[in-house]
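Colleague: One structure coming up, written as structure tokens, with questions to follow.
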Amino acid sequence: MNLNPHTNRRFTVLVYTDDNRIESETKLLSIQLNFELYYGCRETDLIAVPCDLAVVDPDKIGTLFMEFFKEVYYLDNPKEYSILLTQNYKDIPRKLKKYFITPIDKKLDIKQLKLTILNRRNAIIKRVNNKRSYDKRIFRLFIILRKLQPENSYVTMDELCEEFNVSARTINRDIELLRHAGEDIVYDVEKKSYKLNMSFSGLTRDKYKYWKKNVIK
């Protein structure tokens with residue numbers, strides 16, 4: 293497969309290391325497996341260059357990068373982006389570990405490098421048929437927000453679960469995403485319902501109509 297169906301660009305690997313062995317082997321793999329290959333020059337390339345997998349020497353990244361990475365990718369799905377480390381690294385923050393793949397041995401071997409690239413690419417292929425789930429989730433976010441926007445509006449968990457036919461856990465994740473997007477959604481213990489104190493995000497009526505007309509089929 294040449295294109296990532298979610299980004300409509302070629303499957304891309306970014307290499308950020310001084311290890312000539314890793315660089316040369318990744319270049320050979322890019323020819324064999326037909327993927328795009330970039331070489332990073334600085335830490336910020338790991339954020340700035342769009343890629344599906346980054347192969348990184350942990351000695352070349354620091355705590356400041358980890359903090360910045362946490363801010364950028366906190367709400368993202370780790371299935372969309374992962375970092376394969378070239379050697380073991382103990383200082384990965386707990387919340388970020390899901391984004392990192394560590395070597396089986398002390399240092400990354402070529403077999404694991406190839407298998408990781410193949411697994412990442414195959415995982416993207418399998419998610420082609422699940423793209424509608426992303427659209428449905430965005431649709432749910434708009435609907436939840438629209439229900440909360442009128443003044444003095446309250447919505448219960450049961451109402452949302454029944455309307456979307458999803459679990460309470462799913463609704464909790466959706467509400468958490470809205471909170472991180474700037475929506476001041478709080479839970480009223482007495483009414484056992486959610487309410488919106490103030491809205492800071494750009495989720496407007498026009499955007500909702502656009503998604504309903506053009507995205508949700």
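Count along the sequence shown from 1, then add 292; that gives the number in this note's numbering.
Positions of the beta carbon are idealized from the N, C-alpha and C atoms, including for glycine.
(1) By DSSP, does E475 sit in helix, in strand, or in coil?
(2) Suppose the cutoff is 8 Å on Cβ atoms and the five residues either side in sequence are ignored; what does the same chain contact list for Q379 look like?
(3) Rounded to whole angstroms, what is the Cα-Cα separation between L356 and C343?
(4) Is the Cβ-Cβ distance between K387 and K428 less than 9 Å?
(5) Tell me the DSSP secondary structure of Q441 in three-state form.
(6) With 16 as the cutoff for other CB atoms within 10 Å, does A346 come out buried or exposed?
(7) Determine, using beta carbons only, whether V447 and Y391 come nearer to each other than 9 Å.
(8) According to the Cβ coordinates, are I467 and I435 closer than 9 Å?
(9) Please state the DSSP three-state secondary structure of E468.
(10) Around the Cβ of N312, are there at least 16 other Cβ atoms within 10 angstroms (buried) or fewer (exposed)?
(11) Can you tell me where the alpha helix (DSSP H) holding T318 begins and where it ends?
(12) Would you please state the rounded distance, in angstroms, between the beta carbons of L469 and L440? I believe it to be under 8 Å.
(13) The ligand PLP and N326: does the residue's C-beta get closer than 8 Å to at least one heavy atom of that ligand?
(14) At what residues does the alpha helix (DSSP H) containing I527 begin and finish?
(15) Please tell me whether I430 and T408 are closer than 9 Å, where the distance is taken between their beta carbons.
(16) Would you mind sorting L377 into buried or exposed? The rule is 16 or more other CB atoms within 10 Å of its CB.
(17) Closer than 7 Å by C-beta to M449: which residues in its own chain qualify, once you throw out the five before and the five after it? Chain order, please.
(18) Decide if T309 is buried, meaning its Cβ has at least 16 other Cβ atoms within 10 Å, or exposed.
Modeller: With the given structure in hand:
(1) strand
(2) D349, P350, D351, P395, K398, K399, L400
(3) 21 Å
(4) no
(5) coil
(6) buried
(7) no
(8) no
(9) helix
(10) exposed
(11) 312 to 325
(12) Going by Cβ atoms, the distance from L469 to L440 rounds to 14 Å, so no, they are not a contact pair.
(13) As for the ligand PLP, it is missing from this structure, which has no ligand bound.
(14) Absent from the structure is residue 527, since the part of the chain shown begins at 293 and ends at 509.
(15) no
(16) buried
(17) A460, I463
(18) buried
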